[in-house]
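Residue numbers (this note's numbering): 482 to 721.
Right, dumping it as structure tokens:
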């Protein structure tokens, strides 16, 4: 009877401590996270981010995850009675290899955005969310809203919230835009994929087996990114 009572007391204490931790996480506006450097992982909490507001309306702000994070180790967070901003460590893409924000993984990568003229065209390091692994790994990249916007930021928040697909083949240091991939050249080591692409078999528009030249043109011209994603998926699945 006493043994059962002790177990029951331990359960109550554990559940109470867990409830306190949950309340503290909510109060400090953090999420569980991990920072990774030189293969070593440190568990802790990351300041919540990814939100933008305009005229009281909320917009997802995924570009915020690409610059820096504010992190506090787990033991320090639990130990401190009152957590202040000075207790958080700031990490940029040059400081760590990767981080995990709740269930999302972001890696420090090098990329140059050639879609518009400006400083973003210069190759630079940033955190980028990893979507899938494989011989060709896929990531999401988001452009940043301008620092000043006449007429408000809502339009830019919506535009920048849409991810652009980028990829890394093998051990390439620099990532490239999926939309700009030259399948015949960059996937030349897999004749299966190149031949299927040249026959127009990667289709967004049209049914399997259709040989319409018009559909082939539309797929390759208007659905460039989606066609290349299909080719990448095929490459990862069928090419050594």
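All C-beta atoms, glycine included, are put in the ideal place defined by N, C-alpha and C.
Identify, in the order they occur along the chain, each residue of the same chain with its Cβ nearer than 7 Å to the Cβ of residue i, setting aside the five sequence neighbours on each side.
i           : result
residue 489 : Residue placement at residue 489 is flagged as unreliable, the pLDDT there being 37, under the threshold of 50; a coordinate-derived value is accordingly withheld.
residue 509 : 564
residue 569 : 528, 551, 552, 553
residue 547 : 607, 608, 609, 623
residue 517 : 577, 578, 579, 580
residue 612 : 619, 620, 621
residue 654 : 591
residue 651 : 616
When we look at the beta-carbon of residue i and count the other beta-carbons within 10 Å, is it buried (16 or more) or exposed?
i           : result
residue 627 : exposed
residue 712 : buried
residue 519 : exposed
residue 595 : exposed
residue 673 : exposed
residue 502 : exposed
residue 486 : Its pLDDT being 40, under 50, residue 486 is placed unreliably by the model, and nothing is read from it.
Sorted by chain position, which residues of the same chain lie with C-beta nearer than 8 Å to residue i's C-beta, five sequence neighbours on each side aside?
i           : result
residue 575 : 589, 606
residue 512 : 506, 526, 527, 529, 582, 583
residue 585 : 546, 610
residue 675 : 664, 665, 668, 669
residue 679 : 665
residue 515 : 522, 523, 524, 525, 580, 581
residue 719 : 671, 673, 674
Per DSSP, which residues does residue i bridge with? Please list them.
i           : result
residue 646 : 621
residue 539 : 534
residue 525 : 514, 554
residue 710 : BP columns for residue 710 are empty, so no partner.
residue 581 : 515, 586
Hey, residue i and residue j are a contact pair by Cβ (cut 8 Å); roughly how many whole angstroms apart?
i           : j           : result
residue 618 : residue 648 : 7 Å
residue 659 : residue 710 : 6 Å
residue 572 : residue 638 : Not confirmed; about 25 Å, so no contact.
residue 715 : residue 677 : 7 Å
Could you name the residues of the same chain whose beta carbon sits closer than 6 Å to that of residue i, not counting the 5 residues immediately before and after it, in chain order?
i           : result
residue 615 : 717
residue 544 : 623, 625, 641
residue 542 : 531, 532, 533
For the ligand GDP, any of its heavy atoms closer than 7 Å to the Cβ of residue i?
i           : result
residue 640 : This structure lacks the ligand GDP, and indeed carries no ligand of any kind.
When you compare the stretch 527-545 with the stretch 630-639, are there three or more beta-carbon pairs, one atom per stretch, that lie closer than 8 Å?
yes
Examine the Cβ distances between the stretch 551-571 and the stretch 614-623 and report whether three or more of them are shorter than 8 Å.
Flag = no, the stretch 551-571 and the stretch 614-623 do not touch.
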